[in-house]
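Enquirer: Structure below; questions to follow.
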Amino acid sequence: MNEETIAQRKRTGLFLSLLLAVIFMAVMLLAGAFSREAVPYQLGDYSSSDISALKEAYAQSGKANDLVSLLCALCYRAEVEADQAAAEDIAYYGTQLYDMARREEIDLGSVMGTEELSEELIRLIRKYGAT
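So the number in my numbering is just where the residue sits in the sequence shown, counting from 1, plus 151.
In structure tokens:
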């Protein structure tokens, strides 16, 4: 083998290695995208919830558990049913939940009973603009 053939094989090997790396990265990105889409709504089934009744219950009681139930139902509507009208309500009521936490009336880390569910609710209300 002459030097030209060896150099050509090295270039071909380098090209194939880079191509394999690019394909691997693309597969990893696609797998990540599919895994994010496959995550079901984790806060429960709120398909039959009456949003007006939940709003009224919270307005009358002012209790955190009524607010959390309302937020879970609104997040269900926004995430599962793609109801865009729920987004503004999530931001409004989510901010009220944050205000309760700022006043130390509730612990955001356990508002849903478990830390994982609480984190999911916080992620969703933050996604829709609660501050």
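For glycine and all other residues, C-beta sits at the position ideal for the given N, C-alpha and C.
Given this structure, state the Cα-to-Cα distance separating Ile157 from Ile273, to the nearest angstrom.
Expert: Distance between the alpha carbons of Ile157 and Ile273: 59 Å.
Enquirer: At the level of alpha carbons, what is the spacing between Asp250 and Leu221?
Expert: Those two C-alpha atoms are separated by around 16 Å.
Enquirer: Alpha carbons only, please: which of Asp217, Ala208, Arg277 and Tyr227 is nearest the one belonging to Gly245?
Expert: The shortest C-alpha separation from Gly245 is found at Arg277.
Enquirer: Return the first residue and the last residue of the alpha helix (DSSP H) that Arg254 is part of.
Expert: Per DSSP, Arg254 belongs to no alpha helix (DSSP H) and is neither H nor E.
Enquirer: Touch check for the region 199-207 and the region 215-232: three-plus C-beta pairs under 8 Å?
Expert: Touching, yes, given that three or more Cβ pairs across the two stretches are closer than 8 Å.
Enquirer: Scan the region 174-225 and note each continuous alpha helix (DSSP H) run of 4 residues or more that stays entirely inside, going in chain order.
Expert: Listed in chain order, the complete alpha helix (DSSP H) runs (minimum 4 residues) inside the region 174-225 are 202-212.
Enquirer: Alpha helix (DSSP H) containing Glu270: first to last residue?
Expert: Per DSSP, Glu270 belongs to the alpha helix (DSSP H) from Glu266 to Lys278.
Enquirer: Looking only at its chain, what residues have a beta carbon closer than 7 Å to the beta carbon of Glu271, apart from the 5 residues adjacent to it on each side?
Expert: Counting only Cβ-Cβ distances below 7 Å, and skipping sequence neighbours, we find Gln193 and Leu194.
Enquirer: Can you give me the Cβ contacts of Leu259 inside the same chain, cut-off strictly under 7 Å, excluding the 5 residues immediately before and after it?
Expert: Only Ala252, Ser269 and Ile273 meet the Cβ criterion.
Enquirer: Which of the three DSSP states, helix, strand or coil, is assigned to Ala281?
Expert: Correct three-state label for Ala281: coil.
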